[in-house]
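Novice: Pasting in a structure now, in structure tokens, and then I'll have a few things to ask.
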Amino acid sequence: MTKISGSDAMFQVLYDWGIDHIYGFPGGSFDSTMNAIHNWRDKIKFIEVRHEEAGALAASAEYKISGKVGVCFGSAGPGAVHLMNGLYDAKYDKTPMVAIVANVPTSRQDIDFFQAFDEKPWFDPVAVWNHQAKTAESIPVLMDEAIRQAYQRKGPAVLILPKDFGWDKIEDNFRNNAAAHKVVPNFPAPRKEQVDKALELIKNAENPIVYFGHGAEDASAELKEFSDKFKMPLVSSVLGKGIVEDEFPAYMGSIGRVGAKPSNDIQTHADLVVWVGNNSPFSVFFFNPNAKVIQIDINSERLGKRHAVTVPMLADAKKTLRALIEAGESRPESPLYKAALADRENWEAWLESFNDSDEIPMRVEPIFDVINKKAADDAVFAVDVGNVNINFDRLMHLHGDQKWTTSGLYATMGYGAPASLAAATIYPNREVWNLAGDGGFAMMNQELLTQARYNMHVINVVFTNETLGYIEAEQVDESHQPLSGVKLPDNDWAMSAEGMNVKGFTVRNKREFEDAVTAAQQMEGPVLIDCKITHDMPYSTELNTLDDPAFVEKYDAQTLKPFSYFAGKYGVEADAASGASEHEEESAEEVVETDTSSGASRH
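Put into structure tokens, the structure is as follows:
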């Protein structure tokens, strides 16, 4: 029988699972697998990143935008340690990925050898599956198992590979069963008695709303139809953005500091929440603690985790919403529904009033107005972490087949550039945007070299405001402390890009930005646009005190109306707003301590 190396056998498994590229950075301890990468170069593309963290973040981003497991690697010692940030991003966002971690040869382990340390305990806390190969023959079996476990347990799987085993010859007799994985999920439908109980609550509620998350990603049509029939405003987690198009009139946006004013305005007024596929840890701060909850989820561990639940429904979101739509009676518009739509209309008009602002330094609204109008209908957006999350969530109007990804629960700065590598690799014929603040971009800007090397069509937009804006706002608005450690030096990012073989533009107004985007869309390869923007912070939904003239002046909010205006106009009862909100930490903590039945916590 034919013999092949352990590493070549591992790559055969990757190929059989449909994996056609891998991210990483070579090292001496990985030479045996680098040889396999060379042997498989016509079938599996090697994306050589400039830092292992970028490779791990790219692998994590891959599943978020494609539904397919991503694979990365690092060499022993520092290469292994550099992977950790991307693995934690995958752990927090429940993202399947596989990391191959090199180890020194077995004869050099446990004797204080160069770049050697006990790797398995290091990865135990982050990995859903973590094993070191003990024989060369076990390598293909373990790789097959790593992929299976990553998919099943929704997180990073780690295979540690001693260098010598990668060279060792083994029988070429392992055949996996990857084809069996390609089955259509069949999650449970709700039971009739649950549907009946839920409909009774919906019928009797005065001001019901829907709160959905990423678990409702296949139920966009049902969410909209449900909202229309039962006249419920829709609010979402941040990661739920894009499931319902931003233009849908009853979609208020996401809740929380990142989210829009209307969603934060209405959430404590709800007396019933239809909670769909959502496990946001911040939701412990939202909603009236006395509100009734219908929670729909396929994971029983999440039922009642963030709020006491009246009707738990361990069932598929799409099937459950459909069952409720078909069995329920239409509702008239509630006072909260009417107030919410009017509040949203006022909010959108206020945001749009800045689209053609000529302020210098420039506001962000003109930038997103251009992106909304010029980005391709199938564009993919890699969004970094910081104020860019707030601006993207509020100002980007996703439509068509557009996709987006960010570091959700882990929220690591520097995510945008690596995620753009994944997007451009998976979708080489689609337009990819990397949107990042100057703080986040500074962390991973070396990946411009990777974009240039592989001629990736990525439009990098850097929002330069010379501060860690999200952290600055926390220090000012939350802890009320002197600014500390948030100032950034201005940098000529266009010149930096040019030095890395990427065309660079510096823009200071809307026209310049629009011209730069037009040029970028007509070019091959990557482009960087450095936008010199205002130091002013995004509107604070945590403070949201429109009765304070100083607040109104700070945010140019003269045309915004407080929710009390709409509540009074449409008859929303004032005492319905007694629940905890994100900025009411003392109230939220009281809910956590007393809500022993739900197991809710801030984290």
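Just so you know, we're using full-length UniProt numbering here: the sequence shown kicks off at 1 and counts up by one. Backbone N, C-alpha and C fix where the C-beta goes; we use that ideal spot for every residue, glycine too.
1) With a floor of 4 residues, list each alpha helix (DSSP H) that falls wholly inside the stretch 441-486, ordered by position along the chain.
2) What residues in its chain sit with their C-beta under 8 Å from that of residue 18, if we drop five residues either side in the sequence?
3) In angstroms, rounded to a whole number, what distance separates the CA positions of residue 309 and residue 303?
4) Note down the Cα distance separating residue 582 from residue 267, rounded to an integer number of angstroms.
5) Are residue 277 and residue 215 touching if we call contact CB-CB under 9 Å?
6) With distance defined between alpha-carbon atoms, name the residue in 463, 513, 537 and 508 nearest to residue 475.
7) Give the straight-line distance between the Cα atoms of residue 577 and residue 269, rounded to the nearest whole angstrom.
8) Does the separation of the CB atoms of residue 217 and residue 255 fall below 9 Å?
9) Which term fits residue 435, buried or exposed, when burial requires 16 or more other beta carbons within 10 angstroms of its beta carbon?
10) Terminal residues of the continuous beta strand (DSSP E) containing residue 132?
11) Between which two residues does the beta strand (DSSP E) containing residue 101 stretch?
12) To which residues of the same chain is residue 540 closer than 6 Å at the C-beta, ignoring the five residues directly before and after it?
13) Given this structure, state the Cα-to-Cα distance separating residue 163 from residue 77, to the nearest angstrom.
14) Taking residue 410 as part of the alpha helix (DSSP H), name the residues at either end of that continuous run.
15) Between the alpha carbons of residue 55 and residue 82, how many angstroms are there, rounded?
16) Have a look at 466, 507, 228 and 233 and flag the residue whose alpha-carbon is nearest the alpha-carbon of residue 487.
17) CB-CB under 6 Å to residue 133, same chain, minus the five flanking residues each way: which ones, in chain order?
18) Alpha carbon to alpha carbon, what distance is there between residue 471 and residue 362?
19) Find the nearest neighbour of residue 381 within the set 351, 422 and 292, judged by alpha-carbon distance.
20) Under a three-way DSSP split, which group does residue 579 fall into?
21) If you pair each beta-carbon of the stretch 366-380 with each one of the stretch 11-30, do three or more pairs fall below 8 Å?
22) Quick check on the burial criterion: 16 or more other C-beta atoms within 10 angstroms. Buried or exposed for residue 400?
23) Measure the C-alpha to C-alpha separation of residue 206 and residue 232 and round it to an integer number of angstroms.
24) Quick one: complete alpha helix (DSSP H) runs, 4+ long, within the stretch 284-369?
25) From 225, 48, 251 and 501, pick the residue whose C-alpha is nearest to that of residue 345; which is it?
26) With a threshold of 6 Å on Cβ separation, who are the neighbours of residue 43 within its own chain once the five nearest residues in sequence on each side are excluded?
27) Going by other Cβ atoms of all chains shown within 10 Å of its Cβ, with 16 needed for buried, is residue 580 buried or exposed?
28) Going by beta carbon distance, what residues of the same chain come within less than 8 Å of residue 187, once the five residues before and after it are set aside?
29) Count the other CB atoms within 10 Å of the CB of residue 511; is the residue buried (16 or more) or exposed (fewer)?
30) In this structure, how does DSSP classify residue 162 when only helix, strand and coil are distinguished?
31) If I'm right that residue 531 touches residue 513 with Cβ under 8 Å, what's the distance once you round it to whole angstroms?
32) Name, in chain order, the residues that DSSP records as bridge partners for residue 121.
33) May I ask you to report which of helix, strand or coil DSSP gives residue 23?
34) So for residue 501, helix, strand or coil by DSSP?
35) Quick check on the burial criterion: 16 or more other C-beta atoms within 10 angstroms. Buried or exposed for residue 660?
Specialist: Walking through what the data contain:
1) 448-453 and 469-473
2) 68 and 178
3) 7 Å
4) Residue confidence is low: residue 582 scores 36 on pLDDT, short of 50, so the model does not pin down where it sits. Its coordinate-derived value is still stated next. Roughly 10 Å between the two C-alpha positions.
5) yes
6) It is 537.
7) Any reading at residue 577 needs caution, since the residue's pLDDT is 38, under 50, leaving its predicted position unreliable; the model's value is listed next. When rounded, the distance between both Cα atoms is 5 Å.
8) no
9) buried
10) 129-132
11) 97-103
12) 477
13) 13 Å
14) From DSSP, residue 410 is part of no alpha helix (DSSP H); its letter is neither H nor E.
15) 9 Å
16) 466
17) 139, 142, 161 and 165
18) Distance from the CA of residue 362 to the CA of residue 471, rounded to the nearest whole angstrom, comes to 21 Å.
19) In this structure, 422 is the residue among 351, 422 and 292 with its C-alpha nearest to the C-alpha of residue 381.
20) Since pLDDT at residue 579 reaches only 35, below the 50 mark, its modelled position is unreliable, and the value read off the structure follows with that caveat. DSSP places residue 579 in coil when its eight states are reduced to three.
21) Contact between the stretch 366-380 and the stretch 11-30 is absent: fewer than 3 CB-CB pairs across the two stretches fall below 8 Å.
22) exposed
23) As the crow flies, the alpha-carbon of residue 206 is around 10 Å from that of residue 232.
24) You should have 317-327 and 335-352.
25) Considering only alpha carbons, the answer is 251.
26) Excluding positions up to five away in sequence, the list reads 15.
27) Because residue 580 sits at a pLDDT of 34, beneath the cut-off of 50, its placement in the model cannot be relied upon, and the following sentence gives the value as read from the coordinates. So residue 580 ends up on the buried side.
28) 298, 315, 316 and 319
29) Flag for residue 511 reads exposed.
30) Residue state, collapsed to three classes: strand.
31) 6 Å
32) Answer is none; residue 121 lacks a bridge partner.
33) Three-state DSSP puts residue 23 in a strand.
34) coil
35) The structure shown does not extend to residue 660, since the chain is modelled only from 1 through 603, so no value can be given for it.
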